[in-house]
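Residue numbers (the numbering used here): 71 to 271.
Put into structure tokens, the structure is as follows:
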């Protein structure tokens with residue numbers, strides 16, 4: 071019998087709750103044949119990735135994932151960018167790489183696509199807490215409660231126990247699920263953490 075696939079950190083329902091169903095795009099089964107890494111292929115065909123370009127979010131997905139799957143270069147498929155750093159996935163290993171705009175080469179961003187997507191969810195769920203309008207946004211008790219409940223579920227614990235600030239909680243989430251994400255100094259997660267600390271959405 072084949073080894074069972076490890077449980078994913080995030081599912082379609084959670085992604086849809088965080089980003090909206092309409093903003094999730096998948097790769098067609100035929101086009102996905104290029105993805106020889108089964109967990110990555112399954113994630114992109116069944117769960118998909120969001121596009122936050124129109125919502126001032128962090129991840130700007132490639133316009134056409136099917137087209138990108140058909141144009142794999144050096145074994146990597148382009149997924150999009152975290153402005154202005156290009157994000158791609160190794161079609162054989164599922165490792166997510168980033169090529170920073172101001173760097174000479176790429177480095178590991180995350181060890182798998184579901185880890186990357188999970189951290190995008192945490193980052194987006196924390197946005198009401200660090201955006202420039204955080205105080206005004208969280209003044210609405212309904213918005214605050216929903217934000218806190220989502221964070222509790224994503225962190226698997228009361229979010230206040232994970233860390234006192236969005237930056238601390240995001241760092242804790244990264245270190246818990248994927249220490250490799252911060253191993254390289256050029257990893258975009260370092261810049262994201264700095265911007266979250268400064269309160270920039």
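In this text, a Cβ means the ideal position worked out from N, Cα and C, and glycines have one as well.
Exposed or buried, residue 231, counting other C-beta atoms within 10 Å across all chains shown (16 or more means buried)?
Here residue 231 refers to the residue found at position 161 when the chain shown is read from its first residue. Residue 231 should be labelled exposed.
Within 8 Å, strictly: CB atoms of residue 136 and residue 185
Here the question's residue 136 lines up with position 66 in the chain shown. Here the question's residue 185 lines up with position 115 in the chain shown. Against a cut-off of 8 Å, the Cβ pair of residue 185 and residue 136 comes out as no contact.
How many Å lie between residue 122 and residue 129 at the Cα?
The residue you call residue 122 lines up with position 52 of the chain shown. The residue you call residue 129 lines up with position 59 of the chain shown. Going from the Cα of residue 122 to the Cα of residue 129 covers about 6 Å.
Residues sharing a beta bridge with residue 160, DSSP:
As a working mapping, residue 160 is identified with position 90 in the chain shown. In DSSP, residue 160 forms a bridge with 146.
Can we say the stretch 164-172 touches the stretch 203-223, given the rule of at least three CB pairs closer than 8 Å?
no
Report, in whole angstroms, the separation of the C-beta atoms of residue 246 and residue 196, which I expect to be a contact under 8 Å.
The residue given as residue 246 occupies position 176 in the chain shown. The residue given as residue 196 occupies position 126 in the chain shown. Not confirmed; about 15 Å, so no contact.
Along the chain, where does the alpha helix (DSSP H) that runs through residue 79 open and close?
Counting from 1 along the chain shown, the entry for residue 79 is found at position 9. It is not in any alpha helix (DSSP H) - residue 79 carries neither H nor E in the DSSP assignment.
Among the candidates 111, 112, 228 and 194, whose CA atom is the shortest distance from the CA of residue 86?
The count along the chain shown starts at 1 and reaches residue 86 at position 16. Of 111, 112, 228 and 194, the residue nearest in Cα terms is 194.
For the alpha helix (DSSP H) holding residue 169, just list the boundary residues, first then last.
Position 99 of the chain shown, counting from 1, holds the residue named residue 169. Note, residue 169: premise wrong, no alpha helix (DSSP H); beta strand (DSSP E) at 166-169.
Checking 8 Å against the spacing of the C-beta atoms, do residue 147 and residue 159 come in under that value?
In the chain shown, the residue the question calls residue 147 occupies position 77. In the chain shown, the residue the question calls residue 159 occupies position 89. Yes, they are a contact pair.
Using CA coordinates, which residue listed in 111, 225 and 262 is at the minimum distance from residue 161?
Translated into positions along the chain shown, residue 161 becomes position 91. Minimum Cα distance to residue 161 is reached at 111.
Please report how far the alpha carbon of residue 200 lies from the alpha carbon of residue 267, in whole angstroms.
In the chain shown, counting from the first residue as 1, residue 200 sits at position 130. In the chain shown, counting from the first residue as 1, residue 267 sits at position 197. When rounded, the distance between both Cα atoms is 8 Å.
How many Å lie between residue 233 and residue 100 at the Cα?
Taking the chain shown and counting its residues from 1, the one referred to as residue 233 is at position 163. Taking the chain shown and counting its residues from 1, the one referred to as residue 100 is at position 30. Each residue's Cα considered, the two are about 43 Å apart.
My output table needs one value for residue 72: the three-state DSSP class, helix, strand or coil.
Residue numbering aside, residue 72 sits at position 2 when the chain shown is read from its first letter. Residue placement at residue 72 is poorly supported in this model, since its pLDDT is 44, which falls under 50; the coordinates still yield a value, given next. Coil at residue 72, not helix or strand.
Hey, out of 118, 103, 84 and 78, whose CA is closest to residue 95's CA?
Translated into the one-based positions of the chain shown, residue 95 becomes position 25. Among 118, 103, 84 and 78, the Cα nearest to that of residue 95 is on 118.
Continuous alpha helix (DSSP H) assignments of at least 4 residues falling wholly in the stretch 170-252:
183-195, 197-200, 204-207, 211-225, 229-232 and 236-247
With H, G and I counted as helix, E and B as strand and the rest as coil, what does DSSP make of residue 271?
Taking the first residue of the chain shown as 1, we reach residue 271 at position 201. Only weak support exists for where residue 271 lies, its pLDDT of 42 falling under 50; the coordinates are left without a value.
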